[in-house]
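Number of protein chains: 2
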Amino acid sequence: MAATLKEIAQRVGKSVTTVSRALAGYSDVSEATRAQVRQVAQELGYEPNITARRLQKRRTETLAIVLPTYSPRFSDPFFSEFLAGVGNAAAAEGYDLLVSTRSPGDEEEKAYRDLIRSRRVDAFIVVRTRLHDARIEILKAANFPFAAFGRIEGDNDFLFVDEDSELGLRLVVEHLVKLGHRRLAFLAAPPDLMFARYRLKGFTETLQARGLPVDPELILTGDLSQRHGHQLAGILLDRPDPPTAIVACNDLMALGAMSAVQNRGLKVGYDVSITGFDDIPPAEHAHPSLTTVHQPVYKIGKMVCQMVIDVINGREIPNPQITLAPSLVIRQSSGPVQI
Amino acid sequence: MAATLKEIAQRVGKSVTTVSRALAGYSDVSEATRAQVRQVAQELGYEPNITARRLQKRRTETLAIVLPTYSPRFSDPFFSEFLAGVGNAAAAEGYDLLVSTRSPGDEEEKAYRDLIRSRRVDAFIVVRTRLHDARIEILKAANFPFAAFGRIEGDNDFLFVDEDSELGLRLVVEHLVKLGHRRLAFLAAPPDLMFARYRLKGFTETLQARGLPVDPELILTGDLSQRHGHQLAGILLDRPDPPTAIVACNDLMALGAMSAVQNRGLKVGYDVSITGFDDIPPAEHAHPSLTTVHQPVYKIGKMVCQMVIDVINGREIPNPQITLAPSLVIRQSSGPVQI
DNA sequence: TTGAAAGCGCTAACAA
DNA sequence: TTGTTAGCGCTTTCAA
């Protein structure tokens, strides 16, 4: 049904080779032949068989991204935006994007190994790095190209784009301290996530730098979901000595914390200040709007993808390790402490 | 570097064919040979070259899904969940999922045509159908397998799973009417979307059935984003005769509407009732929690994907057209009308 | 400027 | 039970 080089070759009375070269734009084909070939290809609606080309070229022109999900109710806007960034950059370069969702663990590692070994893709995009990241170890061991959003503990001798989370948290904490807050709580992320560590570090060190105590009882760890944010904030608020500000590791938990505050009849930004991290679209439209740290996730997705495409094409990578400085977005969920 | 059948064949001193068959589990291979082949394959870490297999079998074992996005800030949890459902069903059957994001229009249609003509994928998943859906027309014209989430206007002679949006809206409106609301506003979706029509129909017809007027001024159309929900609700609330209830076409707009109400110092679920549609995770954790219509999006994703895989494998499809009945989830954003 | 030949790695029809 | 042959559709030497 679909036209092949062979068919074109028969029609124009030339060899398959010539047709191939004519279409590929090689210079050693006569103008007449080329024109004729193009003409017939057009008529037949010829489109190269990608699979055949891939086999021959030994590259798949496909990038893989395995999204780590903890539950089927998978809804962090963070990932959608990242995916859009990656996808658009890939499309612009003619690459396909193979997406799969796996919860971290054995299945996920298996997915990586399978994709690598079956040579189904040319490179990987790794998102949300972990301290000891099995995915990156697998990729390195296989000497397989990849780029990551985030760093790991230890050698970061690979392509990555990251955001300076430590700085992000410093901005947040300083903002709150300036507003008079002294008892700050922290909704931390699972400690195996690299950004969790940076954000926690930024939190505690900034407090210390300001001469404020770090109360371990005010540091609670959640799974980044709105649900956990809600629960954990509830625990904090029901203490005899609740914090006056809750700093969440990401917007989703912050949003959950907001509703916990509101459920108790308290006013966010007045009785309790809340901050997030990521600046996902809902942060802006929450009520009150959420003070948070802006991460250009879409752009980071594009950058990461572009990097890895460049590397598999042997192009020069000007900056193989990029750390972006985040910015604080002050909205209404943070306000002066009440006495 | 990577092992091939040829290498295994050399080691065991058999032909490539035999090795291929041994590994594929054909019965016409001696046990001894099979064991030996398996052994060597294991040692060499053999993994079939998917591309070669695909070329030979003339199928890619890949499904495509092109997500329609209107802006780079692409964050509807609806799509993430759907994607997870599709992806997991695909993985379970050994299919890859090729994802791309395009805004509706020329680029999107081009993406479909290119994917079809280059035989890059075996089938498509179409999401968020439109009245006159160019994507479906292209697919039909090319006689290419696909399954859709949603129906179109006209012949629905293809595989689809849909949700009875009309019923969903009936449930919502009846719930509100029962609470005493008489002035209901509607935040509609772009009219080219099929579900927009069903939901609008459900809204107006239920009002009429209840003998209530349908005021065109209370029907505003948005782009499904939280931002638009916020803006449109603002317009409604600033009228001299604001509605007592706002029925939104989807949760995102409902969430945006909630914050507009709250910004005006009004209480959602008391001064103004608000309802959504989809039951995305944030709906549950909003403050107040959102009354909405539950759609099992993850499950629908799985079903749609399974359908299309079945069809390309020539399996029997028991129900090629499925319409699911939605359920109303009553939460706190809807309450009795105040007099 | 063109074409023959070879091969990417795999599967399948057929014969032995 | 096994091997030979052929071919999927394309690209790429190499020779003419």
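In the order they appear, the protein sequences are chains A and B. Numbers 40 to 378, taken from the numbering used here, label the letters of the first sequence in order. Numbers 40 to 378, taken from the numbering used here, label the letters of the second sequence in order. Ideal Cβ placement from N, Cα and C applies to all residues, glycine included.
Where residue i meets chain B, residues with beta-carbon distance less than 7 Å
i: residue 126(A); result: 138, 139 and 140
i: residue 346(A); result: What residue 346(A) touches in chain B: nothing, since even the nearest Cβ is about 19 Å away.
i: residue 265(A); result: 320, 321 and 324
i: residue 233(A); result: Going along chain B, no residue has its Cβ under 7 Å from residue 233(A), so there is no contact; the nearest lies around 22 Å.
Cβ separation of residue i and residue j, assumed to be a contact under 8 Å, to the nearest whole Å
i: residue 188(A); j: residue 197(A); result: Not confirmed; about 12 Å, so no contact.
i: residue 317(A); j: residue 290(A); result: 4 Å
i: residue 257(B); j: residue 228(B); result: Wrong, their Cβ atoms sit about 16 Å apart, outside the cutoff.
i: residue 366(A); j: residue 297(A); result: Not quite, the Cβ-Cβ distance comes to about 21 Å (not below 8 Å), so this is no contact.
i: residue 266(B); j: residue 324(A); result: 6 Å
i: residue 129(B); j: residue 141(B); result: About 20 Å; that fails the 8 Å criterion.
i: residue 107(A); j: residue 167(A); result: 6 Å
Close Cβ partners of residue i (< 8 Å) along its chain, the five nearest in sequence each way excluded
i: residue 421(A); result: The displayed coordinates of chain A run from 40 to 378. Any statement about residue 421(A) would go beyond what the structure contains.
i: residue 221(B); result: 251, 283 and 376
i: residue 93(A); result: 99 and 100
i: residue 249(A); result: 212, 213 and 216
i: residue 137(B); result: 101, 102, 103, 104, 154, 159 and 160
i: residue 339(B); result: 121, 124, 188, 200, 202 and 363
Cβ-based burial, residue i [other Cβ within 10 Å; buried from 16]
i: residue 334(A); result: buried
i: residue 56(A); result: exposed
i: residue 74(A); result: exposed
i: residue 174(A); result: buried
i: residue 281(A); result: buried
i: residue 215(A); result: buried
i: residue 19(A); result: This structure cannot speak to residue 19(A), because chain A is shown only from 40 to 378.
i: residue 364(B); result: exposed
i: residue 133(B); result: exposed
i: residue 357(A); result: exposed
i: residue 327(A); result: buried
i: residue 110(B); result: exposed
i: residue 341(B); result: buried
i: residue 144(A); result: exposed
i: residue 172(A); result: buried
i: residue 374(A); result: buried
i: residue 232(B); result: buried
i: residue 146(A); result: exposed
i: residue 139(A); result: buried
Closer than 8 Å at the beta carbon, the chain B residues around residue i
i: residue 135(A); result: 137, 139 and 159
i: residue 342(A); result: Within chain B, no residue comes near residue 342(A); the closest Cβ sits about 13 Å away, beyond 8 Å.
i: residue 362(A); result: Per Cβ cutoff of 8 Å: no residues; residue 362(A) is ~22 Å from chain B at best.
i: residue 308(A); result: None at all; the shortest Cβ gap to chain B is about 12 Å.
Chain-ordered neighbours of residue i on chain B, where CB pairs are closer than 9 Å
i: residue 337(A); result: 111, 112 and 113
Which residues DSSP lists as bridging residue i, in chain order
i: residue 107(A); result: 141(A)
i: residue 162(B); result: 102(B)
i: residue 169(A); result: 232(A)
i: residue 202(B); result: 363(B)
i: residue 136(A); result: 102(A)
i: residue 226(A); result: 259(A) and 287(A)
i: residue 368(B); result: 331(B)
i: residue 311(B); result: 307(B)
i: residue 316(A); result: None, per the DSSP bridge assignment.
i: residue 187(A); result: 165(A) and 199(A)
Closer than 7 Å at the beta carbon, the chain A residues around residue i
i: residue 86(B); result: 156 and 157
i: residue 120(B); result: 112, 113 and 114
i: residue 94(B); result: 90, 91 and 94
i: residue 331(B); result: Per Cβ cutoff of 7 Å: no residues; residue 331(B) is ~14 Å from chain A at best.
i: residue 302(B); result: 326
i: residue 174(B); result: Simply none; closest approach about 16 Å.
i: residue 298(B); result: 324, 325 and 326
Neighbourhood of residue i by C-beta distance below 7 Å, restricted to the same chain and skipping five residues each side
i: residue 237(B); result: 204 and 205
i: residue 62(B); result: 76 and 80
i: residue 46(A); result: 83
i: residue 42(A); result: 83, 84 and 85
i: residue 50(A); result: 79
i: residue 320(B); result: 116
i: residue 243(B); result: 253
Proximal residues of chain A, C-beta to C-beta of residue i below 8 Å
i: residue 292(B); result: What residue 292(B) touches in chain A: nothing, since even the nearest Cβ is about 10 Å away.
i: residue 41(B); result: 156 and 158
i: residue 74(B); result: None at all; the shortest Cβ gap to chain A is about 22 Å.
i: residue 108(B); result: 123
Chain-ordered chain A contacts of residue i [CB-CB under 9 Å]
i: residue 167(B); result: The premise fails here: residue 167(B) is roughly 14 Å from chain A at the closest Cβ pair, so nothing lies under 9 Å.
Cβ shell of residue i (< 6 Å), same chain only, five flanking positions each side left out
i: residue 271(B); result: 226, 259 and 261
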